[in-house]
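Student: In this text, residue positions in the sequence shown follow the UniProt record's numbering: the first is 1, and each later residue adds one.
Glycine residues also receive a C-beta, built at the ideal position from the N, C-alpha and C atoms.
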Amino acid sequence: MAVFQEIARTPSLAAKAKALLEAAIWSGQLAPGAHLVETQLAGQFQISRGPLREALKTLAAEGLVDIQPGRGAFVVDPTADDMQDMIVMRAVVSGMVARQMAASKDEALFARLEATLEEMRAAVAADDAQTFFDQHWIFHEGMYRSANSALFRTWSAMHGLIDIYVRRLGRPHLALSRILLCYDCFMRLFRAGDPDEAEAAVRSQMLLVGFNILRRPIPPVFYGYITRDILDDGTVVPFDPRPAGQKTAGHRRGSK
1 MAVFQEIART PSLAAKAKAL LEAAIWSGQL APGAHLVETQ LAGQFQISRG
51 PLREALKTLA AEGLVDIQPG RGAFVVDPTA DDMQDMIVMR AVVSGMVARQ
101 MAASKDEALF ARLEATLEEM RAAVAADDAQ TFFDQHWIFH EGMYRSANSA
151 LFRTWSAMHG LIDIYVRRLG RPHLALSRIL LCYDCFMRLF RAGDPDEAEA
201 AVRSQMLLVG FNILRRPIPP VFYGYITRDI LDDGTVVPFD PRPAGQKTAG
251 HRRGSK
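(1) Just the Cα atoms here: how many angstroms apart are I230 and R188?
(2) Who are the near neighbours of A244 in its chain, counting only those whose CB is closer than 8 Å to its CB and skipping five residues on each side?
(3) For the beta strand (DSSP E) containing D66, name the first residue and the last one.
(4) Need the endpoints of the alpha helix (DSSP H) that A15 sits in, please.
(5) Put V88 into one of helix, strand or coil per three-state DSSP.
(6) Can you tell me whether DSSP reads V209 as helix, strand or coil?
(7) Does the Cβ of K18 have 16 or more other Cβ atoms within 10 Å, making it buried, or fewer, making it exposed?
(8) Using a Cβ distance threshold of 8 Å, determine whether the stretch 209–220 contacts the stretch 120–131, with at least three qualifying pairs required.
(9) Once DSSP output is grouped into helix, strand and coil, what is the label at V237?
(10) Check for me: the alpha helix (DSSP H) holding I222 runs from which residue to which?
(11) Since A73 sits in a beta bridge, which residues does DSSP pair it with?
(12) Excluding the 5 residues preceding and the 5 following T154 in the sequence, name in chain order all residues of the same chain whose CB lies nearer than 7 Å to its CB.
(13) Determine the DSSP secondary structure at R216, reduced to helix, strand or coil.
(14) Going by the DSSP bridge assignment, what does I230 pair with across the sheet?
(15) In its own chain, which residues sit with a C-beta less than 8 Å from the C-beta of K57, not counting the 5 before and 5 after it?
(16) Apply the 10 Å Cβ neighbour rule to S149 and answer buried if 16 or more other Cβ atoms are within range, or exposed otherwise.
(17) Among M158, R90, D81, which residue has its Cα nearest to the Cα of R215?
(18) Can you list, in chain order, the residues of its chain with a C-beta nearer than 8 Å to that of E197? Leave out the 5 residues immediately preceding and following it.
(19) Residue range of the alpha helix (DSSP H) that R53 falls in?
(20) Answer with buried or exposed for V221, where buried requires no fewer than 16 other C-beta atoms within 10 angstroms of its C-beta.
(21) To the nearest angstrom, how far is it from the Cα of M83 to the Cα of V37?
(22) Within 10 angstroms of its Cβ, does S48 collect 16 or more other Cβ (buried), or is it exposed?
(23) Which same chain residues end up closer than 6 Å to E119 when comparing Cβ atoms and leaving out the 5 residues on each side of it in sequence?
(24) Classify K105 as buried or exposed, calling it buried when 16 or more other Cβ atoms lie within 10 Å of its own Cβ.
(25) What three-state label does DSSP hand R203 in the structure shown?
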């Protein structure tokens with residue numbers, strides 16, 4: 001992940017400790033709910049306890065660590081309800097970023113994302129799920145780095161929590177080729193310069209896949225956020241997530 005690449009360039013011991021802790025959490029070395037004992041971590045990372053304590057406070061502010069008075073620090077162990085909130089928030093914010101990207105027509109950015117897509121294609125061909133999802137996160141990081149710093153910070157905090165939860169439950173029940181198809185579609189929409197379609201498609205797919213990961217039905221309150229689906233040939237089509245019976249009833253109510 002990109003965090004490993006940043007460790008050597010971190011400007012302070014506290015920043016280095018933060019990067020090392022993030023890497024250990026995201027890799028699963030420090031599992032959800034793990035007790036973060038300062039003396040043990042200081043020895044493991046060869047960093048004094050002062051910078052380590054500062055790093056833990058920063059990670060607590062970002063949502064990756066839970067500091068409990070009298071008990072110490074723990075890796076967050078998000079609940080399904082926590083993750084539902086994070087997945088919906090990420091989908092909405094991702095739609096905002098997609099809108100900005102489609103409007104920007106930034107060919108240099110698109111070229112960088114296309115290079116990441118090539119790595120994802122190679123991973124699909126090799127049936128290498130780990131590399132595929134590593135590149136998938138790099139794609140998202142590239143999207144968010146193109147946006148303003150507030151959006152990038154929002155994504156960074158959610159990314160860690162969602163990745164922890166996904167590792168615990170397992171990846172979405174979708175073929176890698178199907179996920180790749182969606183990202184190819186996103187790139188086409190970005191290049192087409194249609195902000196409305198780009199936002200709708202990205203937001204909708206993030207929610208459809210997110211609730212697949214949660215293994216929960218989509219709550220009716222979020223139906224309005226899901227307005228597009230991507231067919232197996234890559235075509236983007238209007239989509240209504242309501243159960244079939246409710247769609248029929250809705251049509252009857254709207255008919256004259």
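Tutor: Straight from the coordinates:
(1) By 1-based counting over the sequence shown, the position of residue 230 is 230. By 1-based counting over the sequence shown, the position of residue 188 is 188. Each residue's alpha carbon lies about 12 Å from the other.
(2) Stepping through the sequence shown from its first residue, residue 244 is reached at position 244. Result list for A244: empty, nothing under 8 Å.
(3) In the sequence shown, the residue the question calls residue 66 occupies position 66. Unbroken beta strand (DSSP E) run through D66: 65–68.
(4) For this step, residue 15 is matched to residue 15 along the sequence shown. Segment 13–27, the alpha helix (DSSP H) holding A15.
(5) As a working note, residue 88 is residue 88 in the sequence shown. Helix at V88.
(6) Along the sequence shown, one-based indexing puts residue 209 at 209. If DSSP states are grouped into helix, strand and coil, V209 belongs with the helices.
(7) Residue 18 sits at position 18 when you count from the first residue of the sequence shown. The residue in question, K18, is buried, as its Cβ has 16 or more Cβ neighbours within 10 Å.
(8) no
(9) By one-based count along the sequence shown, residue 237 stands at place 237. Note: V237 maps to strand in three-state DSSP.
(10) Taking the first residue of the sequence shown as position 1, residue 222 is located at position 222. Looking at the sequence itself, residue 222 is Phe, so the reference to Ile does not match. From DSSP, F222 is part of no alpha helix (DSSP H); its letter is neither H nor E.
(11) Within the sequence shown, numbered from 1, the residue matching residue 73 stands at position 73. DSSP lists L36, I67 as partners of A73.
(12) Position 154 of the sequence shown, counting from 1, holds the residue named residue 154. For T154, where only same-chain residues beyond five positions count, the Cβ hits under 7 Å are V93.
(13) Within the sequence shown, residue 216 is the residue found at index 216, counting from 1. Three-state DSSP puts R216 in coil, outside helix and strand.
(14) Translated into the one-based positions of the sequence shown, residue 230 becomes position 230. Paired residue(s): V236.
(15) As a working mapping, residue 57 is identified with position 57 in the sequence shown. Hits under 8 Å: I67.
(16) Taking the sequence shown and counting its residues from 1, the one referred to as residue 149 is at position 149. Flag for S149 reads exposed.
(17) Locating residue 215 in the sequence shown gives position 215, where the first residue counts as 1. Checked all of M158, R90, D81; the closest Cα to R215 is D81.
(18) Here residue 197 refers to the residue found at position 197 when the sequence shown is read from its first residue. For E197, where only same-chain residues beyond five positions count, the Cβ hits under 8 Å are A102, L189, R228, V236.
(19) On the sequence shown, position 53 is the one that residue 53 refers to. R53 -> alpha helix (DSSP H) spans 49–62.
(20) Your numbering for residue 221 matches position 221 in the sequence shown. V221 comes out exposed.
(21) Counting from 1 along the sequence shown, the entry for residue 83 is found at position 83. Counting from 1 along the sequence shown, the entry for residue 37 is found at position 37. Rounded to the nearest angstrom, the two C-alpha atoms are 26 Å apart.
(22) Position 48 of the sequence shown, counting from 1, holds the residue named residue 48. So S48 ends up on the exposed side.
(23) As a position in the sequence shown, residue 119 is number 119, starting the count at 1. Closer than 6 Å at Cβ, skipping near neighbours: Q135.
(24) Indexing the sequence shown from 1 puts residue 105 at position 105. Its Cβ having fewer than 16 others within 10 Å, K105 is exposed.
(25) Numbered from 1 along the sequence shown, position 203 holds the residue referred to as residue 203. Helix.
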